[in-house]
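**Q**
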Amino acid sequence: MLLLLLALVVASQRLVATEWTSKLGLVSLLTIGGVLLGIPLGLSRFGGRTVLLLALCYSLVVVPFISAAVLLPGVPWLERMVSLGGRIGYAAGVLAAGEPLEDAFLFLALFSLGFWSLGVFSARALARSADFKSAVLPGAVVLILLQIFNPGGDRSVGFTALYLFFSLLLLGRMNYARRRETWQAWHLLSSGEARANINLTILGIAAVLVLAAWLMPISTRSIPLLRQWWQDLGDSWGKNESLDNVIAGLEIEDPIPVNEFYGRSLALGQEPSLSSTVYFRIQTTGVGGQERYYWRVRSYDRYQNSVWDTSPAYERGLTARSRSLQLFENSGVNAEFTFKVLGTSAGLLVTPARPIWISRPALLTFFPVGEDMIEPLFFRVNEPIQSGEEYLVHAVLMEPTVKQLRIAGSDYPDWVSDLYLQLPENLPPAISALAAGITAGLDNPYDKAAAITAYLRDTITYSLSVPLHPPGRDALAWFLFDYQQGYCNYYATAEVVMLRSVGVPARLVAGFGEGEYESPGWYTVRQRDAHAWPEVYFPGIGWVEFEPTTAEPELVRPSGEAPTPAATAQSIPLTPQVEIPAELPGEAEESLAAGGEGADAGGGQDTLAMLLVFFATIILLTGGLAWAYISGALERGYRRLRSTFHAPAPILAREWLEKNSLPVPAWLQRRAWLAGLSPLARLYNDVYRGLHGLKVPTTSAQTPGEAAVLLKAHLPGADEQVHTLLDEYQPDVYGTTPGSLEKAHPAAQSLRRMIRRKRRYEWRSKIKKIAYLGGWKEEDK
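Count along the sequence shown from 1, add 6, and you get the number used in the working numbering.
#1: Taking the straight line between their C-alpha atoms, what separation do you get for L66 and L116?
#2: Which residues in the same chain have their Cβ closer than 7 Å to the Cβ of P390, if we skip the five residues on either side of it in sequence?
#3: Any idea what DSSP makes of K346, helix, strand or coil?
#4: Consult DSSP for D606 and reduce its assignment to one of helix, strand or coil.
#5: Using the C-alpha atoms, what's the distance from P406 back to P564?
#6: Evaluate N181 with the Cβ neighbour count: other Cβ atoms within 10 Å of its Cβ, from every protein chain shown; 16 or more gives buried, anything less gives exposed.
#7: Could you tell me if P82 is buried or exposed, where buried requires 16 or more neighbouring beta carbons within 10 angstroms of its beta carbon?
#8: Suppose you measure from the CA of P540 to the CA of S18; what does that come to, to the nearest Å?
#9: Cβ atoms of Q153 and V142: under 9 Å apart, would you say?
#10: I'd like the list of long-range same chain contacts for E593, defined as Cβ closer than 8 Å, with 5 residues on each side in sequence excluded.
#11: CB-CB under 7 Å to I413, same chain, minus the five flanking residues each way: which ones, in chain order?
#12: Counting along the chain, where does the alpha helix (DSSP H) carrying E661 start and finish?
#13: Which first and last residues belong to the beta strand (DSSP E) in which H475 is found?
#14: In its own chain, which residues sit with a C-beta less than 6 Å from the C-beta of A441, not counting the 5 before and 5 after it?
#15: Thinking just about the alpha-carbon of each residue, which of F544, P685, R534 is nearest to the one in F334?
#16: Does DSSP classify T56 as helix, strand or coil?
#17: Would you kindly report the start and end of the unbroken alpha helix (DSSP H) that includes G711?
#18: Counting Cβ pairs closer than 8 Å, one from the segment 475-486 and one from the segment 523-530, do we hit at least three?
#19: Find out if the Cβ-Cβ distance for the pair N336, I362 is shorter than 9 Å.
#20: For V68, is the classification buried or exposed, using 16 other Cβ atoms within 10 angstroms of its Cβ as the cut-off for buried?
#21: Taking one C-beta from the segment 702-719 and one from the segment 673-688 each time, how about it: are there three or more such pairs within less than 8 Å?
#22: Please state if the CB of G323 and the CB of A368 are separated by a distance shorter than 9 Å.
#23: Over what stretch of residues does the beta strand (DSSP E) that includes Y740 continue unbroken?
#24: Tell me the rounded alpha-carbon separation between T316 and F372.
#25: Use the C-beta contact count for H729: other C-beta atoms within 10 angstroms, 16 or more gives buried, fewer gives exposed.
#26: Looking at the unbroken beta strand (DSSP E) that takes in S305, where does it start and where does it end?
#27: Counting only the same chain and skipping the five closest in sequence on each side, list residues whose C-beta sits under 7 Å from that of Y523.
#28: At the level of alpha carbons, what is the spacing between G48 and V670?
#29: For the structure I just gave you, are there three or more beta carbon pairs, one from the segment 305-316 and one from the segment 423-438, closer than 8 Å?
#30: On a CA-only basis, which of E558, D137, L355 is nearest I288? Give me that one, please.
#31: So, at 8 Å on beta carbons, what are the nonlocal neighbours of H698 in its own chain, with the 5 sequence-adjacent residues on each side left out?
#32: For T27, which option in L62, S118, C494 has the closest C-alpha, if you only look at C-alpha atoms?
#33: Report, in whole angstroms, the separation of the C-beta atoms of K764 and L700, which I expect to be a contact under 8 Å.
#34: Taking the C-alpha atoms as reference points, what is the distance between Q583 and D378?
#35: Who are L168's beta bridge partners in DSSP?
#36: Would you say L14 and S140 are within 9 Å of each other, going by their C-beta atoms?
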């Protein structure tokens, strides 16, 4: 079985060596799992249909479980299963539409399932009927096909040679095992040296055959011919286009690009895309009351030379044990959002406005803003989220009223004033003058933000085509005073800069608009929904969105005259909080652990639930079938145990040493001799042990009766016990009537106690004699 396992692992490693896609190591892991399942299935007494049913049921549980653990480490188990199913469904939908599948996940899934089945089939064939051909030929066929479609020189041929080597070793060992059974039937014993020589001979012959096959001068013209034959066969079936669509992801020389949507910087003139490609489907769960959702990717705080950027920030790995975030302003109602990625590969997470927990391991970039509190900027996931996968986000929802925003005041924390009031050094004075004129006479930040928003919506015309600004002219000033047309980047930049010029902290956030609503609670977000908007900070409330872009509907907030559920609800703490590192930015970056026991909301519960479901499924699948097998299996196992261990352990150990021409220790000889005696003989042996303990000389010629007389002479009071042992032992050994163990056993126990007392008495006498000769006094003894 070990040789077969090594051979099949070599075959799976040949696929890994093609490097057709990443994560091919999963194939080797599932190959090992398939062999470990095939062995007990082959050794069982179940019939073919039952074995097939068991293999299918185990595959439906174990293969997704292992695949999810390898492909999505650190993700809650329920989300892992949903993501795997989503990726398969997405791949099937793309192929059904007749489009090429750039994601190689379906290819990986098919090969993983194929090698799992190969392991189960080969191991079962070898364990059930010792069928060498059925165990080895499937792996050989796979190697040949891989060599045809991916000839890789000597390195790839080396896998074939190694597979052949292990197969020949397996054949030699199977042949030797059959011959050994014949030798045992003929009562021919082989020494350990002989068996070692046979094994070395098998090893040498296998190595010579493999080396000869490697060095044999054969033509390689057949390989292209076979490849052409396969191509012609595909043409005749008319399936080439479908096959090309399946393996399209393998033909891409460069890895599929990971979409981060927005980079570290955002230029003012960066034009948006108008593609209708669906990027996300988002489901909201929890409470309502939101005027509009904004799906954020990252925020920017510095503006200089028409480019937005982010100040140096901290980074921290969010693992299963620390994915919860404590925001500076987190009053509101907690809600859960499910993001399903479609049509892209996400490297940065898209989240609601106030995320406090994510389900994926990620690297968080943030500003520390207080004791155990942070200001998240963006999340970069450890492993890109592929099309069809899902992830969860918990966020705080709050819809502040106009009244609440007006009375929030302007008592800003230091970190807000330091980061979000920055202005370009060369900001044209006309922009500041325009902002001052718009907000003249207004005494609170909300009214100032609302006034600037209204001015931009009334004055600027939305346009996706914006030419370059004239040389020497500031881009923002040209946009506000001359061209007065633009899209969301221009609108948001203008509002943030003007608000900062009148002392109101603001920032630019890039992400996606709400998208298309689909009842119940689903939003479809497309690439053309990419959006940028301004956010204004209000003490006690946090960041609040404003919408100056005329292509988007106007944001209308409740007046606050009557309290709304979202505004008055209390926040519900979800999970433990993330710790703030003490190092400065860039000095230390925490390693991103993947997996582990989750203490987060949903992570630990999902892990426990999935483990319970996994083990419960295994028990239900096999319990009923195994119950019918238990009685026969126990009886068969007992018979095998009796035939294997036909004698006590000391005797088996002595026989093994003698069979291998090794010396047998004297203590083992005595134990083996004693183990070979009958029960009454072992009890009567206490007579001889008593004579030995009392230092009475004995000879091997003494009969049991003479030994009994000698013991009675040296152990007064033991006549009855010795007579009982002798009367039960002699008829059992020399007569036809068996002795009684019920009588002999108590006599032997009593005799052993009397011998111990006699020996202790003799030792005390010796000690007293030594004390007397040494002149000890009675009180010194």
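Cβ coordinates follow ideal geometry from the N, Cα and C atoms, glycine included. The structure presented is a predicted model; accordingly, all values stated were derived computationally and were not measured.
**A** A quick look at the data gives this:
#1: Answer to the nearest angstrom: the Cα atoms are 14 Å apart.
#2: So the list reads V264, S351, A352, G353, once near-sequence residues are dropped.
#3: DSSP places K346 in strand when its eight states are reduced to three.
#4: A caution first: D606 carries a pLDDT of 42, below 50, which makes its placement in the model too unreliable to give a value.
#5: Computed Cα separation, rounded: 8 Å.
#6: Result: exposed.
#7: The Cβ neighbour count for P82, taken over all protein chains shown within 10 Å, is at least 16; the residue is labelled buried.
#8: Cα to Cα, P540 sits roughly 53 Å from S18.
#9: Not a contact, by the Cβ cut-off of 9 Å.
#10: Here the model assigns E593 a pLDDT of 36, short of 50, so the residue's position is not dependable, and the following value carries that caveat. Same-chain partners within the cutoff: there are none.
#11: Hits under 7 Å: none found.
#12: Unbroken alpha helix (DSSP H) run through E661: 655-665.
#13: Unbroken run through H475: none, as it is neither H nor E.
#14: Correct list, in chain order: M504, S507, V508.
#15: In terms of Cα proximity to F334, the closest of F544, P685, R534 is F544.
#16: Helix, per DSSP.
#17: Counting along the chain, the alpha helix (DSSP H) containing G711 begins and ends at 710-720.
#18: They do not touch, by the three-pair rule.
#19: A contact, by the Cβ cut-off of 9 Å.
#20: With 16 or more Cβ atoms within 10 Å of its Cβ, V68 is classed as buried.
#21: Using a C-beta cut-off of 8 Å, the segment 702-719 makes no contact with the segment 673-688, since fewer than three inter-stretch Cβ pairs fall below that distance.
#22: Yes, these two residues count as a Cβ contact at 9 Å.
#23: Boundaries for Y740: no beta strand (DSSP E) harbours it, while the alpha helix (DSSP H) harbouring it runs 725-740, taken from the DSSP string.
#24: The C-alpha of F372 is placed about 10 Å away from the C-alpha of T316.
#25: Its Cβ having fewer than 16 others within 10 Å, H729 is exposed.
#26: Counting along the chain, the beta strand (DSSP E) containing S305 begins and ends at 301-306.
#27: Counting only Cβ-Cβ distances below 7 Å, and skipping sequence neighbours, we find Y529.
#28: Between G48 and V670, the C-alpha separation is close to 39 Å.
#29: As far as the Cβ criterion goes, the segment 305-316 touches the segment 423-438, which means the pair count is three or higher.
#30: Closest by alpha carbon: L355.
#31: Contacts found: T704.
#32: When only C-alpha atoms are compared, the closest one is S118.
#33: About 6 Å separates the beta carbons of K764 and L700, which is inside the 8 Å limit, making them a contact pair.
#34: The predicted model places Q583 with a pLDDT of 41, which falls under 50 and marks its position as unreliable, so this point remains unresolved.
#35: Within the DSSP secondary-structure output, L168 pairs in no beta bridge.
#36: Between L14 and S140, the C-beta gap is not smaller than 9 Å, which leaves the two residues out of contact.
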